[in-house]
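The opening position of the sequence shown corresponds to residue 75 in this note's numbering, with each subsequent residue numbered one higher. We treat Cβ as the ideally placed atom computed from N, Cα and C, and that holds for glycine. Quick caveat, the model's predicted, so the values are computed rather than measured.
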Amino acid sequence: GLLCDLLWSDPSPDVKAWGENDRGVSFTFGADIVGIILQRFDLDLIARAHQVVQDGYEFFAGRKLVTVFSAPNYCREFDNAGAVMSIDENLLISFKVIKPIIVK
Numbered sequence: 075g076l077l078c079d080l081l082w083s084d085p086s087p088d089v090k091a092w093g094e095n096d097r098g099v100s101f102t103f104g105a106d107i108v109g110i111i112l113q114r115f116d117l118d119l120i121a122r123a124h125q126v127v128q129d130g131y132e133f134f135a136g137r138k139l140v141t142v143f144s145a146p147n148y149c150r151e152f153d154n155a156g157a158v159m160s161i162d163e164n165l166l167i168s169f170k171v172i173k174p175i176i177v178k
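Written out as structure tokens, the structure is:
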């Protein structure tokens with residue numbers, strides 16, 4: 075349903091329109107879909123989460139979509155950084171990257 079797809083759909087540079095998702099749930103979508111959604115809802119950026127990205131945040135579709143993932147060293151399986159996104163009163167976006175702590 076709608077809530078499942080909002081949570082689990084992932085951007086993919088290899089997909090035009092919609093594709094199957096490797097997670098086994100929901101779909102992948104291409105940059106063309108991002109453009110359609112932004113135009114239809116008069117938005118400048120889509121900010122999303124719920125997908126591990128190596129550097130804590132990752133842009134897609136010409137910086138029209140950003141994935142933010144705030145859990146560094148996720149489940150101790152990924153050596154990923156986390157990030158927090160801030161938007162100021164002038165709609166300027168910045169990121170604070172949280173490097174993983176490696177325990178030996």
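| Asked | Found |
| --- | --- |
| Going by the beta-carbon positions, is the gap between Pro-146 and Ile-172 smaller than 7 Å? | yes |
| Using the Cβ count rule (16 or more neighbours within 10 Å means buried), how would you classify Asn-154? | buried |
| Output the distance between the C-alpha atoms of Met-70 and Leu-119, rounded to the nearest integer angstrom. | Because the chain is modelled from 75 through 178, residue 70 falls outside the range shown and cannot be assessed. |
| Quick check on Asp-129: does DSSP put it in helix, strand or coil? | strand |
| Can you give me the C-alpha to C-alpha distance between Gly-109 and Gly-130, rounded to a whole angstrom? | 23 Å |
| Hey, which unbroken runs of the beta strand (DSSP E) at 3 residues or more fall wholly within the segment 103-160? | 120-122, 131-134 and 139-142 |
| Which value, in whole angstroms, describes the spacing of the CA atoms of Lys-170 and Trp-92? | 31 Å |
| Do Val-127 and Tyr-148 have their C-beta atoms within less than 7 Å of each other? | no |
| Taking the Cβ atom as the reference point for each residue, do Thr-102 and Arg-122 lie within a distance shorter than 7 Å? | no |
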